[in-house]
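K.L.:
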Amino acid sequence: MENIVTLSQNVPKQTKKNWTQKIREQRYLLLMLLPAIVWAVLFCYLPMAGLYMAFVNYQPALGGFWKHLFQSDFVGFDWFNYFFQNGDFYRIMRNTVASTMLTLIISFPVPIIIAIALNEVRAAAFKKTVQTVSYLPHFISWVIAANIIVTLLSSDGIVNNLLKFFNVTDKSILFLQEGRYFWWIVAFGNTWKEMGYNSIIYLAAISSINLDLYEAAKVDGAGRFKQMIYITLPHLKPTIVILLILQLGGVLNAGFDQHFLLGNGLNQEYSDVLSTYSFRYGLQNSMFSYASAVGLFNSVVAFLLVVLVNSASKKLNNQSLF
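Start counting the sequence shown at 188; every next residue gets the next number (the numbering used here).
Right, dumping it as structure tokens:
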């Protein structure tokens with residue numbers, strides 16, 4: 188007993204380091220982090236001062252931007268009330284939520300299916316070819332992607348020709364001139380453009396699974412399908428939950444490029460979403476304060492959705508983003 192006491196007294200006690208000592212020890216790591224911090228402050232946090240524009244009646248004039256911004260008449264929540272009470276609110280929210288949710292329902296499971304399917308492929312050349320072909324659309328701009336979609340859906344495009352060949356219709360369907368097709372076009376366009384790139388995350392998660400688990404499943408008589416159901420999918424669950432939280436948080440972010448490029452006067456009743464609406468009023472109609480209020484509303488709702496979905500996931504699955 189005395190020996191134990193003597194040994195415990197000889198063990199050096201760990202002193203709690205204050206923050207200055209931690210900074211001194213990690214000064215080189217912090218120095219490497221400095222450019223990223225400066226970039227975040229300049230481009231992510233300083234521009235947030237411009238949110239004040241949503242609460243004033245800003246009128247651009249010659250001279251300094253900040254001077255005229257803070258000298259503008261303060262109107263409080265008048266611009267928000269105007270947005271909620273005018274006739275556009277229901278239509279814009281309907282289009283934004285419907286387009287985003289339809290895209291989520293179609294595009295979210297597709298990368299998971301692609302990743303699992305590619306993981307089961309044993310021919311390396313075929314696997315690389317499929318990966319390359321599916322990744323390529325992500326790296327082209329929406330300007331090019333929108334032109335491809337317009338060409339495919341034109342009256343003499345390949346889609347209408349196939350529909351006529353299989354006797355689905357006897358005349359060309361004007362897809363981009365009828366609003367009822369627009370949400371589906373955007374959903375499938377988003378899926379086609381991003382499915383290959385999004386599957387990289389799931390492939391990375393699959394590659395981290397211990398191969399001994401598959402070997403043990405083989406010994407127990409499990410086939411490829413059962414290995415996928417009982418090993419691959421359960422190990423993908425944390426990744427799936429995190430990405431689902433992030434996508435549900437952006438439910439009001441339907442995407443500007445695809446709606447602006449594919450939308451026109453004939454389908455505007457279905458193509459006009461929050462991002463295109465604020466762009467039109469902000470830059471085309473010079474209602475900068477109103478556009479800022481619409482954008483701020485979008486950001487606040489997105490933040491609240493992330494927090495709510497994250498809390499629900501933590502309670503139900505014990506998995507969360509933060």
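Quick reminder that beta carbons are idealized off the backbone N, C-alpha and C, glycines included.
Identify, in the order they occur along the chain, each residue of the same chain with its Cβ nearer than 6 Å to the Cβ of T287, setting aside the five sequence neighbours on each side.
P.N.:
Closer than 6 Å at Cβ, skipping near neighbours: V438, A441.
K.L.:
What's the C-alpha gap between V198 and N205?
P.N.:
Reliability fails at V198, whose pLDDT of 47 lies under 50, so the model's placement of it is uncertain and the value that follows must be treated cautiously. Rounded to the nearest angstrom, the two C-alpha atoms are 22 Å apart.
K.L.:
Rounded to whole angstroms, what is the Cα-Cα separation between N451 and Q364?
P.N.:
If you take the alpha carbons of N451 and Q364, they lie about 8 Å apart.
K.L.:
In the DSSP assignment, find the unbroken alpha helix (DSSP H) run with A499 in it and report its ends.
P.N.:
First-last of the alpha helix (DSSP H) with A499: 475 to 504.
K.L.:
For the 8 Å Cβ check, are there 3 or more pairs between the stretch 253 to 273 and the stretch 223 to 243?
P.N.:
Contact holds: three or more Cβ-Cβ distances are below 8 Å.
K.L.:
Roughly how many angstroms separate the alpha carbons of P234 and V488, rounded to a whole number?
P.N.:
C-alpha separation (whole angstroms): 19 Å.
K.L.:
Just confirm the distance between the C-beta atoms of I387 and L430, as a whole number of angstroms; I'd bet it's less than 8 Å.
P.N.:
Rounded, the Cβ-Cβ distance is 12 Å, inconsistent with contact.
K.L.:
For D343, which residues from the same chain have a beta carbon less than 8 Å from its beta carbon, with the 5 sequence-adjacent residues on both sides left out?
P.N.:
Within the same chain, D343 has close Cβ partners S359.
K.L.:
Can you confirm whether the stretch 320 to 330 touches the stretch 398 to 417 when touching is taken to mean that 3 or more C-beta pairs between the two stretches lie within less than 8 Å?
P.N.:
Flag = no, the stretch 398 to 417 and the stretch 320 to 330 do not touch.
K.L.:
Tell me which same chain residues have a C-beta within less than 7 Å of the C-beta of P298, skipping the five on either side of it?
P.N.:
Excluding positions up to five away in sequence, the list reads M382, N385, S386, Y389.
K.L.:
Am I right that Y245 and S476 are in contact with their C-beta atoms under 8 Å? What's the rounded C-beta distance?
P.N.:
With a Cβ gap of about 5 Å, Y245 and S476 count as contacting.
K.L.:
Please tell me whether V496 and L435 are closer than 8 Å, where the distance is taken between their beta carbons.
P.N.:
Contact: yes.
K.L.:
Please report how far the alpha carbon of M219 lies from the alpha carbon of N397, in whole angstroms.
P.N.:
M219 and N397: Cα-Cα distance of roughly 34 Å.
K.L.:
Within the same chain, show all residues whose beta-carbon is closer than 7 Å to that of V460, passing over the 5 residues directly before and after it, in chain order.
P.N.:
Taken in chain order, the residues that qualify are I279, N282, T283, S286, A441, H446.
K.L.:
N244 bridges to which residues according to DSSP?
P.N.:
Answer is D260.
K.L.:
Over what stretch of residues does the alpha helix (DSSP H) that includes V228 continue unbroken?
P.N.:
Premise fails: V228 is in no alpha helix (DSSP H) and is neither H nor E.
K.L.:
Tell me the rounded alpha-carbon separation between A478 and S465.
P.N.:
Whole-angstrom Cα-Cα distance: 5 Å.
K.L.:
Pick out whichever of S498, L289, K501 has its Cα sitting closest to the Cα of A374.
P.N.:
Among S498, L289, K501, the Cα nearest to that of A374 belongs to L289.
K.L.:
Given a cut-off of 8 Å on the beta-carbon distance, is the pair I427 and V493 in contact?
P.N.:
Cβ distance not < 8 Å, so I427 and V493 don't count as in contact.
K.L.:
Please state whether the Cβ-Cβ distance between P421 and K380 is less than 8 Å.
P.N.:
Not a contact, by the Cβ cut-off of 8 Å.
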